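J.: Those protein sequences? They're chains A and B, same order as listed. 123 is the number of the first residue of the first sequence in the working numbering; add one for each residue after it. 123 is the number of the first residue of the second sequence in the working numbering; add one for each residue after it. Every residue gets a Cβ at the ideal spot worked out from N, C-alpha and C, and that includes glycine. Since the structure is predicted, the reported quantities are computational estimates derived from the model, not experimental observations. Structure in structure tokens, see below.
There are 2 protein chains.
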Amino acid sequence: MKSIDILIKNGWVLTMAPDNALIETGAVAVSGHSIVEIGPEGELSTRYRASKIIDARGGIIMPGLVNTHTHAAMTCFRGLADDLPLMTWLHDHIFPAEARLTSEVVCQGTRLACAELILSGTTTFCDMYLFEDAVAHAAKEAGIRAVVGEVLYDFPSPNYGPVEEGLKYTETLIRQWQDDPLITIAVEPHSAYLCSPDLLIKAKAIADENGAPMVIHLSESEHEVAQLREKYGRTPAEHLAEIGFLGPKLIADHCVAMTEKDIALLKAFDVKVAHNPESNMKLASGIAPVPEFLSRGITVGIGTDSCASNNNLDLFQEMDTVAKLHKVQTLDPTVMDAPTVVRMATIDGARVLGLEDQIGSLERGKKADIIIIDIRQPHLVPMYNVYSHLVYAVSGHDVVTAIVNGQVLMEDRVLITLDVDTVMEDVNRIAESIVLKAGA
Amino acid sequence: MKSIDILIKNGWVLTMAPDNALIETGAVAVSGHSIVEIGPEGELSTRYRASKIIDARGGIIMPGLVNTHTHAAMTCFRGLADDLPLMTWLHDHIFPAEARLTSEVVCQGTRLACAELILSGTTTFCDMYLFEDAVAHAAKEAGIRAVVGEVLYDFPSPNYGPVEEGLKYTETLIRQWQDDPLITIAVEPHSAYLCSPDLLIKAKAIADENGAPMVIHLSESEHEVAQLREKYGRTPAEHLAEIGFLGPKLIADHCVAMTEKDIALLKAFDVKVAHNPESNMKLASGIAPVPEFLSRGITVGIGTDSCASNNNLDLFQEMDTVAKLHKVQTLDPTVMDAPTVVRMATIDGARVLGLEDQIGSLERGKKADIIIIDIRQPHLVPMYNVYSHLVYAVSGHDVVTAIVNGQVLMEDRVLITLDVDTVMEDVNRIAESIVLKAGA
Numbered sequence: 123m124k125s126i127d128i129l130i131k132n133g134w135v136l137t138m139a140p141d142n143a144l145i146e147t148g149a150v151a152v153s154g155h156s157i158v159e160i161g162p163e164g165e166l167s168t169r170y171r172a173s174k175i176i177d178a179r180g181g182i183i184m185p186g187l188v189n190t191h192t193h194a195a196m197t198c199f200r201g202l203a204d205d206l207p208l209m210t211w212l213h214d215h216i217f218p219a220e221a222r223l224t225s226e227v228v229c230q231g232t233r234l235a236c237a238e239l240i241l242s243g244t245t246t247f248c249d250m251y252l253f254e255d256a257v258a259h260a261a262k263e264a265g266i267r268a269v270v271g272e273v274l275y276d277f278p279s280p281n282y283g284p285v286e287e288g289l290k291y292t293e294t295l296i297r298q299w300q301d302d303p304l305i306t307i308a309v310e311p312h313s314a315y316l317c318s319p320d321l322l323i324k325a326k327a328i329a330d331e332n333g334a335p336m337v338i339h340l341s342e343s344e345h346e347v348a349q350l351r352e353k354y355g356r357t358p359a360e361h362l363a364e365i366g367f368l369g370p371k372l373i374a375d376h377c378v379a380m381t382e383k384d385i386a387l388l389k390a391f392d393v394k395v396a397h398n399p400e401s402n403m404k405l406a407s408g409i410a411p412v413p414e415f416l417s418r419g420i421t422v423g424i425g426t427d428s429c430a431s432n433n434n435l436d437l438f439q440e441m442d443t444v445a446k447l448h449k450v451q452t453l454d455p456t457v458m459d460a461p462t463v464v465r466m467a468t469i470d471g472a473r474v475l476g477l478e479d480q481i482g483s484l485e486r487g488k489k490a491d492i493i494i495i496d497i498r499q500p501h502l503v504p505m506y507n508v509y510s511h512l513v514y515a516v517s518g519h520d521v522v523t524a525i526v527n528g529q530v531l532m533e534d535r536v537l538i539t540l541d542v543d544t545v546m547e548d549v550n551r552i553a554e555s556i557v558l559k560a561g562a
Numbered sequence: 123m124k125s126i127d128i129l130i131k132n133g134w135v136l137t138m139a140p141d142n143a144l145i146e147t148g149a150v151a152v153s154g155h156s157i158v159e160i161g162p163e164g165e166l167s168t169r170y171r172a173s174k175i176i177d178a179r180g181g182i183i184m185p186g187l188v189n190t191h192t193h194a195a196m197t198c199f200r201g202l203a204d205d206l207p208l209m210t211w212l213h214d215h216i217f218p219a220e221a222r223l224t225s226e227v228v229c230q231g232t233r234l235a236c237a238e239l240i241l242s243g244t245t246t247f248c249d250m251y252l253f254e255d256a257v258a259h260a261a262k263e264a265g266i267r268a269v270v271g272e273v274l275y276d277f278p279s280p281n282y283g284p285v286e287e288g289l290k291y292t293e294t295l296i297r298q299w300q301d302d303p304l305i306t307i308a309v310e311p312h313s314a315y316l317c318s319p320d321l322l323i324k325a326k327a328i329a330d331e332n333g334a335p336m337v338i339h340l341s342e343s344e345h346e347v348a349q350l351r352e353k354y355g356r357t358p359a360e361h362l363a364e365i366g367f368l369g370p371k372l373i374a375d376h377c378v379a380m381t382e383k384d385i386a387l388l389k390a391f392d393v394k395v396a397h398n399p400e401s402n403m404k405l406a407s408g409i410a411p412v413p414e415f416l417s418r419g420i421t422v423g424i425g426t427d428s429c430a431s432n433n434n435l436d437l438f439q440e441m442d443t444v445a446k447l448h449k450v451q452t453l454d455p456t457v458m459d460a461p462t463v464v465r466m467a468t469i470d471g472a473r474v475l476g477l478e479d480q481i482g483s484l485e486r487g488k489k490a491d492i493i494i495i496d497i498r499q500p501h502l503v504p505m506y507n508v509y510s511h512l513v514y515a516v517s518g519h520d521v522v523t524a525i526v527n528g529q530v531l532m533e534d535r536v537l538i539t540l541d542v543d544t545v546m547e548d549v550n551r552i553a554e555s556i557v558l559k560a561g562a
């Protein structure tokens with residue numbers, strides 16, 4: 123028998139591998155950071171002696187979810203202001219709160235986000251915000267996988283000051299975190315409306331030079347598109363194509379207000395899309411034409427966007443919304459079927475982030491980013507179909523165990539790497555100071 | 123000091139009473155089936171000596187939610203068939219499964235629904251299905267409040283046979299359950315497309331005679347409206363108005379495909395509406411014009427519809443969908459604000475069912491239907507606004523305690539009136555037999 127670190131057994135193993143294997147009473151063997159083997163429990167139990175055995179108790183063993191768009195530290199602003207026109211929300215509530223941000227606040231807000239993400243089954247997130255060095259440290263400390271990048275725009279930032287410094291800050295992040303097993307640094311200009319062509323081109327050069335992914339907000343609303351048309355006489359996607367910004371390592375967030383030509387550009391340049399339906403609904407931005415993206419072969423992942431516009435980071439709930447929203451939008455109950463949506467939240471999410479060789483499915487040699495769902499609960503009985511269950515019935519609260527890179531981050535709903543009471547207290551203190559200052 | 127049965131203390135008391143009182147560090151005193159007093163904890167603690175003290179630990183104490191439209195026993199078909207065209211779903215999957223229904227299956231399916239409802243904070247549901255005597259018994263046994271009625275249609279039923287027997291069955295139910303503290307019997311013809319005018323008129327006569335509420339599916343899709351137009355030359359609402367069926371004790375489920383005239387009819391006759399956005403999305407039926415209903419002063423509650431088309435009974439998740447869906451539909455982030463949506467799920471839901479004098483808010487003299495939300499969890503930190511939290515961040519899993527009619531049904535997530543393992547096993551056995559028969 124071969125010695126390994128972890129054997130997860132007694133569950134439905136949903137691999138999300140190319141063969142779509144689903145093994146009833148299966149097991150997953152983990153050694154170090156990686157998956158060693160997946161198969162029937164009977165076989166693996168005789169083949170491996172594990173330091174730790176995790177009993178899935180008949181639940182679902184599957185790849186951890188990939189949240190392709192977050193502003194993690196904005197957990198501090200969860201529910202600070204809702205049901206408001208976008209500009210009132212931004213200018214009267216979010217921007218004033220953000221003007222007081224510090225590295226410490228971002229770190230504590232991100233820790234809370236990591237707690238929420240792990241507790242709801244997400245094992246990788248892709249973040250854009252300020253003070254992203256703090257985000258990277260918080261994620262690393264929590265043991266969660268993350269793609270992080272400092273937001274860049276034409277005006278001065280509370281973190282780095284003028285944008286030239288932002289580009290340098292990004293290059294420093296790339297150097298500091300290179301070869302980190304969990305953290306990938308991305309280059310992240312905010313959007314075509316907040317970034318000059320000059321900034322976008324410089325950002326792209328840094329990304330290309332370092333082989334780094336890029337993240338940008340793209341066509342979140344018709345208002346944004348109208349703004350760009352007025353400024354440049356073209357849509358945001360056309361504008362980015364024109365200046366040579368589009369490419370396969372670009373992650374475009376939202377993509378709500380898209381023309382036929384825009385969609386063709388995404389496809390032609392193999393741009394990846396992060397779809398954030400709940401945020402788009404809550405801010406009344408619109409509905410991204412995701413069924414069309416998929417029929418064109420564009421890779422789409424799912425994101426929650428921030429807690430200020432959602433107001434949670436539960437990707438299982440987001441999957442439910444993805445499946446249902448496009449059905450009613452197209453008046454076709456067959457679009458966005460459950461297997462498609464689970465793919466978007468796992469292996470396709472990994473593809474969006476350029477991490478598909480490492481994560482997104484349970485396959486021999488891939489990193490051990492694994493979650494277990496407890497299905498012995500009234501709202502998960504009976505189970506006719508695993509995919510349907512994951513999309514329409516499971517919520518993040520049903521995730522009992524989470525493993526990232528071979529490290530157990532949560533077991534039986536208890537977080538191991540984070541002191542949850544301290545994490546909550548820290549952010550409650552931040553919120554109190556925000557309320558005090560807003561009242562002053 | 124006055125002796126009472128239960129004192130709930132140390133929480134935010136959200137009353138949903140006409141004055142919208144919200145008491146930080148409040149308490150609720152319960153004696154027998156009713157609420158005796160609501161106020162600051164300091165005052166109530168000195169005034170009452172309670173047999174049982176429940177510590178809300180800083181959470182939210184609020185009225186139990188009211189689910190205005192369910193087919194509870196269809197928990198047995200949760201995820202049986204998804205992502206299919208409506209007619210394939212109904213004729214190839216749901217109808218064959220329903221043809222084999224028995225009173226025992228309905229009872230066991232309803233018990234599972236009651237478990238799920240209580241666990242997610244719903245304390246009253248309004249049900250339409252077959253073998254509703256079994257539903258009433260299962261609800262009563264679980265201690266949950268319910269409005270139930272046997273579905274009536276022109277063709278023979280697996281329960282009562284020909285529809286004349288269905289009308290008699292309904293009258294018997296009304297007699298049997300009259301004056302029950304938890305169960306109200308409604309008269310429930312399925313819809314204008316499955317019920318002849320003769321049946322509808324007879325049903326209405328029984329309802330009027332007994333002062334019973336009525337429930338009907340109304341304009342769930344454009345397809346249904348087209349069918350009615352072809353048959354009668356008018357919309358379902360016009361048709362029902364024409365035959366004298368509309369009135370203030372009528373609960374109309376769905377109301378998705380509505381004309382201006384239809385909406386005016388609902389208002390003129392004070393018809394109540396049960397809004398089921400997730401089911402309408404999943405079946406690609408359409409989006410009910412709820413903001414318009416509300417602006418006209420029509421009373422609207424929220425429902426989940428069945429587990430076959432949702433696939434859960436979590437009314438907190440449904441609230442989130444209500445708030446977000448109409449924002450993106452109208453492209454206005456200010457519609458369906460959080461307080462409005464919480465009202466729909468509580469006091470307005472009670473109004474829909476005609477139970478507003480008994481439940482839907484925490485007020486002295488009302489029945490003690492109360493839930494407690496645990497907010498000491500990462501995804502519920504921080505809390506700036508209670509209403510926003512309930513709609514956009516809380517899920518049913520966060521409900522720790524549920525009380526109906528003064529009886530504690532759940533404490534610290536443990537169900538008291540139902541043996542949850544047996545309840546789950548029973549429905550798993552039903553599901554196995556459905557799968558076997560479908561495969562045979």
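1) Can you tell me the Cβ-Cβ gap for A203 (chain B) and W211 (chain B), rounded? I've got them flagged as a contact below 8 Å.
2) If we call anything under 9 Å between Cβ atoms a contact, is V273 (chain A) one with L295 (chain A)?
3) Bridge partners for A359 (chain A) per DSSP, in chain order?
4) From which residue to which residue does the beta strand (DSSP E) around Y514 (chain B) run?
5) Taking 9 Å as the CB-CB cut-off, is R498 (chain A) touching chain B?
6) Does the beta-carbon distance from M402 (chain B) to V422 (chain B) come in below 9 Å?
7) Compare the C-beta of D470 (chain B) against all C-beta atoms of chain A and say whether one is closer than 9 Å.
8) Taking only beta-carbon positions, decide if Y282 (chain A) is within less than 9 Å of chain B.
9) Do D496 (chain A) and R179 (chain A) come within 9 Å of each other at the CB atom, strictly closer than that value?
10) Measure the alpha-carbon distance for G283 (chain A) versus V309 (chain A) and round it to whole angstroms.
11) Use the C-beta contact count for D177 (chain A): other C-beta atoms within 10 angstroms, 16 or more gives buried, fewer gives exposed.
12) Identify whether M403 (chain A) lies in helix, strand or coil by the three-state DSSP scheme.
13) To the nearest angstrom, how far is it from the Cα of E547 (chain A) to the Cα of A261 (chain A)?
14) Looking only at C-alpha atoms, which of B:D375, B:P303, B:V393 sits nearest to A363 (chain B)?
15) Which chain B residues sit within Cβ distance under 9 Å of N507 (chain A)?
16) Just the C-alpha distance for I128 (chain A) and E344 (chain A), rounded to the nearest angstrom, thanks.
17) State buried or exposed for M123 (chain B), treating a residue as buried only when at least 16 other CB atoms are found within 10 Å of its CB.
18) For A410 (chain A), which of helix, strand or coil comes out of DSSP?
19) Should G161 (chain B) and G181 (chain B) be called a contact, given that it needs their Cβ atoms to be closer than 9 Å?
20) Closest to G186 (chain B) by CA distance: which of B:Q529, B:N550, B:V536, B:V549 is it?
21) Could one say the Cβ of N550 (chain B) lies closer than 9 Å to chain A's Cβ atoms, at least one of them?
22) Alpha carbon to alpha carbon, what distance is there between L239 (chain B) and P140 (chain B)?
23) Do I493 (chain A) and T523 (chain A) have their CB atoms nearer than 9 Å?
24) DSSP three-state call for N132 (chain B): helix, strand or coil?
25) For the stretch 460-473 of chain B and the stretch 425-433 of chain A, state whether three or more C-beta atom pairs, one from each stretch, are separated by less than 8 Å.
26) Are three or more beta carbon pairs between the stretch 543-558 of chain A and the stretch 502-514 of chain A nearer than 8 Å?
27) Measuring only between beta-carbons, confirm whether L187 (chain A) sits less than 9 Å from chain B.
28) Give a yes or no on whether the minimum CB-CB distance between H259 (chain B) and chain A is below 9 Å.
29) Taking only beta-carbon atoms, is K446 (chain B) less than 9 Å away from chain A?
30) In whole angstroms, what is the alpha-carbon distance linking T306 (chain B) and A268 (chain B)?
31) If you reduce the DSSP assignment to three classes, tell me which class M196 (chain B) lands in.
32) In angstroms with no decimal places, state the Cα-to-Cα distance between S407 (chain A) and V450 (chain B).
33) Pick helix, strand or coil for I556 (chain A), following the three-state DSSP scheme.
34) Please confirm if T539 (chain B) has its CB atom under 9 Å from at least one CB of chain A.
35) Determine, for H339 (chain A), whether the minimum Cβ-Cβ distance to residues of chain B falls below 9 Å.
36) Counting along the chain, where does the alpha helix (DSSP H) carrying L321 (chain B) start and finish?
T.: According to the structure data:
1) 5 Å
2) no
3) BP columns for A359 (chain A) are empty, so no partner.
4) Segment 508-514 is the alpha helix (DSSP H) holding Y514 (chain B); no beta strand (DSSP E) there.
5) yes
6) This sequence places Asn at residue 402 (chain B); Met is not what is there. No, these two residues do not count as a Cβ contact at 9 Å.
7) no
8) no
9) yes
10) 17 Å
11) exposed
12) helix
13) 18 Å
14) B:V393
15) G201, L202, A203, D204
16) 50 Å
17) exposed
18) coil
19) no
20) B:Q529
21) yes
22) 26 Å
23) yes
24) strand
25) no
26) no
27) no
28) no
29) yes
30) 6 Å
31) helix
32) 7 Å
33) helix
34) no
35) no
36) 319-332
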